[in-house]
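Residue numbers (the numbering used here), protein chains in the order written: chain A, 1076 to 1658; chain B, 4 to 130; chain C, 68 to 568.
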């Protein structure tokens, strides 16, 4: 690898940071304001994309800005791993910008200027995370990302949004402190924190106990944003934010910055070999496997669509972490097990991003057009929003790992890695989670296309109380000796969606709002039904449908021809640099 | 020096170092008055006693057995002049502190009509 | 020209007298003269810093006596930085005070006297001389607190006076012990003599404990902080900005100076008690100060308790006693002064414009005063230690120093202090940005409170350009100074190597 001085990494970070100023200044002229956002997004993507050919041929672009702390330089480097994340974030920011316009205007939201400014700041920090050249610079942008996304989480200005914001700050700053502590320890042990493919050599000679503590602190700190259990609980609550935020930030930029941190930690600070030697690979893999199964189970019971997607995110992020951890634990094992697992994990970063973004965009479109957020009110909604729900079905299939969609490719690599490393238990966890994915996505697709508002099947998992009792048993009995009947009148739909009952668009309110949209005249017979709209885009504005189609198409392209989409190539390069194994 | 005196036992200590004992008695009395008396003027008096204890400490430290006051016409040996100079400065500081404190007390009395700290507290929470 | 040190002290003192007499001839002459003197002081301080960082420390013996007999003034990297801070902050607050008040020549005379006293504490090389400057600073600070024309400020000032005097007296007592043991008051000489007496001696250890406790009181370390919240909250806005930024800071500097120059690190190595004292003071202050800050309803009291907690951090760096940590302590001392001063001035600015002095009155502030709220939020984030602000960099040095010294519990507390600080600032930021402005009823009530004589500045006037400028400069410095820390640390290194050897 040859390093070339270039201002491009810095420019990529700064372009959207600078855009904040004109965005704030043109608060009174929404069209002009949004043009700034789009302009910044396009130029940011342009700058990052221009580095791709160079990076693929082994060049690293770096901007060095002088010492920031003693012995620690403030430098931005576009190496393959950073480029992977930066390219992804900037590409998806473009589509999300368009989508945001459709969404925010469609709902006539308040404080849109603050929203777009904070969004630009968040993306700027995320790209900063991507191009950080050492642990401290990464930490700087990691913390800035927290600050920049806080206004987006609390955007609603309701009690609930503020509570979510507080929780978000407490969790992520807590994680930040752990990262900080770990970084200080690493610096103390080795005298450097610079990212080196394959790990910092002198760390191997350090006191193993201290190295383990530092690893645990760093992995725990990044694990907060990566939503590893039990540190995930801020993420479902943060779904109170506007949907584009949930889409780009809480499925792509913010949570992936945590995952990306773990990737840097495993690949460029400790190196997979050392992580495995310290026994931390197995520990991390165990946490990840636990998270991906348990989060899938919890997702089954979520009636609110965005919360179900949030738990799905928690689960899917752990695929990536699992890939990294198994890759580290399997370094000594025969064949290319380690490299396969790493490729699988890293490839799941873009794969999950495209698919989850599609899903969130769909949820947002449903919210804007029909004001429904609860899955129980979506029966037959496929007739009202055919294109949206079609894209939803494609992305959901990808999540479950069904071939020709992106998720299949990354999971395939992951499985090969896990099996050939002898980690059968991880392979089983992956497969179980895949089944669970189908179990919680299929009902949505089914209810949207194959049910009618007046004719729905029973949904015992969502409607029944937890604890495994059947509907119709005596409400007085408590089988598991736990809490008593929560709804003494019985028959009430479960309010386990985590939001207040009267919150806009959730719970009871949601049922009422959905009912408004139903009319006898819409269906072929006299029953209540959604209005029928055609597949040609009559269901919503193209500002929202365009991004949905783009993201869905992206997931399919990644699934069918991964070799032509540049991401797999970058991932291979990353793994080759770290392990020396060519896949 | 002190360690040697300590080693000689408590009675010996009291007899040979009575000035220091006096110093710390004054410090104690001053601190007690400052804390325990509710009257603001008495608090200031306590503060003065406290400071006086410290002044005495310095002067006692300067004393040399059988020595003269440090005036050049007299024959030596002299007691150490430096602490006297220092304490003169400190007394000036103490006087100005007392003046400022009394000025503040006058203002407080005009404002609230009381000099008792506990009454003052009640009056102010009523505001 | 080695005569620079006395000029640093003399200029504000003379200017103070000039202001006082000019007031007899013409009123309203206070501000221009004070501003001129402040500018001159800033110039002198800049020259002093430049000289120290290029040519090394200088010293000057007042009155032409030999060293050790006369009063020595010493300028090294540490004291030069403190002098520059005093000059810069006082000039900034002066810009703020022009319209915010209090007005009148006696106020400006006291103001300049305080600057002279603080500069004196910073440059003196003599422990008794330091006592005199401490008392000058103390007296003028009491007078400034009392300049608020209300009963509240008078009561606050009296409490401050009594507790502060006890602190200074304890310091004097400690100096007395050291003097009895050694017969000298010059810091450099005292340091050598104390080493001869032996660091294990009860006399030396008692001297340190008295001096440290005395300065703890002056710096407001928990639980000796009782004077501080009321003094900050009860004084006029410009005064609370000034004293929160400078007075405790300078006394903390005095503690660092005495600990390093007089007692030396060897003393701490011998006397575990001394280090334990600093450590306990630090930890208790960090935790208790933050918890008390969370429970406050008045903004200025909350900021005051925040200072208690932040000085705990400063003390922690001193207790760790290696070069990294001392750099951190110096950086945090200077940056805290800028951030906290800026926060108090911002709070004053907001109170002047809207009458809001309570936490709940900050609801929806971002819509009423977007710029002031923005500056407040930036300063608060810097205080929390969000990188890359200067607040983060200082904390990094202290934490790394603690790790190097392998003081794990302390390192954990220092890191956790980020979250503790977040606890009380996050609720303010949330109120400013994510709550609707107070309802009409609440607003009427807040106006009623503002009309009470208890509120210090209740003219509901329009904040001036100078007020905004002071707050913005503080906010900008809080963000940008982070980049200047590494060069600063390099410049400070020779001084610290000397002090820590």
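Using N, Cα and C, we set each Cβ at its ideal position, and we do this for glycine too.
Small disclaimer: the values here were computed from a predicted structure and weren't measured.
In this structure, DSSP gives residue 1453/A a state outside helix and strand, which the three-state scheme calls coil.
Assigned with DSSP and collapsed to three states, residue 1141/A falls in strand. For the set 233/C, 82/C, 145/C, 425/C, the Cα lying nearest the Cα of residue 47/B is the one of 233/C. By the criterion of a C-beta distance shorter than 7 Å, residue 442/C is surrounded in its chain by 413, 538, 539, 542, once the five residues flanking it on both sides are discounted. Of all alpha-carbon atoms in 388/C, 169/C, 496/C, the one lying nearest the alpha-carbon of residue 568/C is that of 388/C. Taking 8 Å as the upper bound on Cβ-Cβ separation, chain C lies near residues 43, 46, 47, 50, 53, 54 of the region 40-56 of chain B.
Residue 1221/A and residue 1244/A have their C-alpha atoms spaced approximately 7 Å apart. Only residues of its own chain outside the window of five on either side were considered, and among them 466, 469, 470 have a CB closer than 7 Å to the CB of residue 478/C, listed in chain order. In this structure, the beta-carbon distance from residue 1081/A to residue 1136/A falls below 8 Å. Annotation for residue 1124/A: no beta strand (DSSP E) segment contains it, though the alpha helix (DSSP H) segment containing it runs 1105-1131. Sequence-ordered contacts of the region 69-95 of chain B with chain C read 89, 92, 93 [C-beta pairs closer than 7 Å]. Distances from the alpha-carbon of residue 96/B to those of 137/C, 566/C, 202/C, 289/C put 202/C closest. The Cβ of residue 414/C sits no closer than 8 Å to any Cβ of chain A. For residue 221/C, at least one C-beta of chain B is nearer than 8 Å to its own C-beta.
Counting only Cβ-Cβ distances below 7 Å, residue 139/C has no contacts in chain B at all, with the closest Cβ about 15 Å away. The beta-carbon of residue 202/C is placed less than 8 Å from the nearest beta-carbon of chain B. CA-to-CA, the gap between residue 97/C and residue 164/C works out to about 11 Å. At a cut-off of 8 Å between beta carbons, residue 67/B makes no contact with chain C. One Cα belongs to residue 1291/A, the other to residue 480/C, and the distance between them is close to 18 Å. The region 1270-1281 of chain A makes no contact with the region 1299-1314 of chain A, as fewer than three CB pairs between them are under 8 Å. Check the Cα spacing between residue 460/C and each of 211/C, 84/C, 548/C, 331/C: the tightest is with 548/C. Its Cα nearest to that of residue 193/C, the residue 129/C stands out among 129/C, 153/C, 229/C.
For residue 445/C, there are no C-beta contacts with chain A under 8 Å, since the nearest C-beta of that chain is about 10 Å from it. Listed along chain C are 553, 556, each with a C-beta nearer than 7 Å to that of residue 1145/A.
Spatial neighbours of residue 246/C in its own chain (CB-CB distance under 7 Å, excluding positions within 5 residues in sequence) are listed in chain order as 252. A distance below 8 Å separates the beta carbons of residue 195/C and residue 89/B. Within the DSSP secondary-structure output, residue 71/B pairs in a beta bridge with 81/B.
Just so you know, the alpha carbons of residue 274/C and residue 280/C end up roughly 10 Å apart. Residue-level contact by beta carbon holds for residue 243/C and chain B, with a gap shorter than 8 Å.
Cβ atoms of residue 212/C and residue 298/C come within 8 Å of each other, at about 5 Å. Between residue 1374/A and residue 1393/A, the C-beta gap is not smaller than 8 Å, which leaves the two residues out of contact. Runs of alpha helix (DSSP H) with 4 or more residues, each lying fully within the region 157-241 of chain C, are found at 172-190, 194-212, listed in chain order. A Cβ-Cβ contact shorter than 8 Å links residue 486/C with residue 1249/A. Going by C-alpha positions, residue 1148/A is about 23 Å away from residue 448/C. Under a criterion of Cβ atoms nearer than 7 Å, the residues of chain C adjacent to residue 1226/A are, in order, 500. Contacts between residue 1240/A and chain C, judged by CB atoms closer than 8 Å, involve 497, 501 in chain order.
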